[in-house]
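In the working numbering, the protein residues as written are 12 to 378. Yeah, the Cβ is synthetic: ideal placement off N, Cα and C, and Gly gets one too. Computed from a prediction, not measured in an experiment: that's the story for all the values here.
Structure follows, in structure tokens:
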């Protein structure tokens, strides 16, 4: 136990992805002189009243939904934001005021910092943190034979993991709906976005239980197929080949219309600039910066079978690109992301200002 001043802090969540992002931080916080809780904030005001009455003045969030709910019930305090993925393509990252009003914000990787810097160069509350869930991926040990037997997969054949982003309920050409192009692809494992599980179960594909952590399946797979999901960056951390599906549009990405009702924090000129981009020529253009999020082989969904074959045949073709995006997407992939973030949170609680703990290389950092 560290000899530090006593502090209270609550990790609050409302959806599954937030829970999986905050749980490892909460577990790490138990090692320190902190009083912490991991709390679900419900839609129902009645179910939240007791929690709000004794909620800490400091909360950690991974989405703004629980923040909105507690503020409606009168909570006033400081909040710390931790991102819930490594996907750089979504336009909502740093589009809304809650990002810029955060008392402390952790960037998963340098590409996220560049996005913030392009929009708000004066923002001073951001620190490089990494993605908490990746500590488990770093330490992940699997029994391939045992997992394959449980899932009904062949151990002696390449395992293909299809893990699309959300959006299946909005478009027949998005998310899990592209499973129709994977017919006759053997040894296929499908992990849909939590919002698309109901639809995915009706496809007849091999699909793990909804509450199972995807990290084990990334470790198991020989190749990962997705679109703009965080999972392709996570695969790059393990140097696994990826295939990105080129779609006419991606939910939550330009030029798709924003379904959120709240006003954009971003100046109109930035949105107009993004709207002028020819997405047919640059389908993976990262919002607000002049970079393309291409991490390996790409193809239209109808060409997925031959592209998987090609990617497995030439695994090292995009090795340097995978290494680049691994470091740009996730800061300090060494199994100690949660330790550094908690130490930076403690410093913030004690001193009232952010302080960066630098990652200096494998298993080394400077605090």
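- Relative to residue 131, the option among 319, 371, 318 and 278 whose CA is nearest is 278.
- In the three-state reduction of the DSSP assignment, residue 248 falls in the helix class.
- In the three-state reduction of the DSSP assignment, residue 115 falls in the strand class.
- Spatial neighbours of residue 350 in its own chain (CB-CB distance under 7 Å, excluding positions within 5 residues in sequence) are listed in chain order as 39.
- Here residue 296 is bridged, per DSSP, to 303.
- Comparing alpha-carbon positions, the option among 138, 45, 55 and 63 lying closest to residue 92 turns out to be 138.
- Spatial neighbours of residue 205 in its own chain (CB-CB distance under 7 Å, excluding positions within 5 residues in sequence) are listed in chain order as 27, 28 and 221.
- Just so you know, the alpha carbons of residue 319 and residue 19 end up roughly 49 Å apart.
- In the structure shown, residue 104 falls within a coil segment according to DSSP collapsed to helix, strand and coil.
- Across the structure, residue 143 and residue 255 are spaced so that their CA atoms are roughly 24 Å apart.
- Using a Cβ distance threshold of 7 Å, residue 98 and residue 230 do not count as a contacting pair.
- By the beta-carbon neighbour count (other beta carbons within 10 angstroms, threshold 16), residue 69 is buried.
- Residue environment for residue 238: buried (at least 16 other C-beta atoms within 10 angstroms of its C-beta).
- Take residue 25, set aside five residues on each side of it, and the residues of its chain with a beta-carbon closer than 6 Å to its own are 52, 76 and 77, in chain order.
- By the criterion of a C-beta distance shorter than 7 Å, residue 101 is surrounded in its chain by 263 and 264, once the five residues flanking it on both sides are discounted.
- Buried is the label assigned to residue 339, since at least 16 other Cβ atoms lie within 10 Å of its Cβ.
- With contacts defined as CB atoms closer than 7 Å, residue 235 and residue 172 qualify as a contacting pair.
- Residues of the same chain with their beta carbon placed closer than 6 Å to that of residue 249 are lacking, with the five preceding and five following residues left out of the count.
- Of the other Cβ atoms in all chains shown, fewer than 16 fall within 10 Å of the Cβ of residue 166; this residue is therefore exposed.
- In this model, residue 110 and residue 116 are separated by some 7 Å (Cα to Cα).
- Under the 10 Å beta carbon count, residue 194 is surrounded by fewer than 16 other beta carbons and is classified as exposed.
- Annotation: residue 74 to residue 106 spans about 13 Å, alpha carbon to alpha carbon.
- In the DSSP annotation of this structure, the continuous segment of the beta strand (DSSP E) that includes residue 309 starts and ends at 308 to 310.
- Selection 121, 197 and 227 evaluated against residue 170 yields 197 as nearest (Cα-Cα).
- About 17 Å separates the beta carbons of residue 303 and residue 311, which is beyond the 8 Å limit, so they are not a contact pair.
- For residue 142, there is no enclosing alpha helix (DSSP H), as DSSP marks it with neither H nor E.
- Judged by DSSP in its simplified three-state form, residue 265 adopts coil rather than helix or strand.
- Residue 274 and residue 209 have their C-alpha atoms roughly 31 Å apart.
- Listed in chain order, the alpha helix (DSSP H) runs fully inside the stretch 35 to 85 are 56 to 64 and 76 to 83, counting runs of at least 4 residues.
- DSSP lists no beta-bridge partner residue for residue 165.
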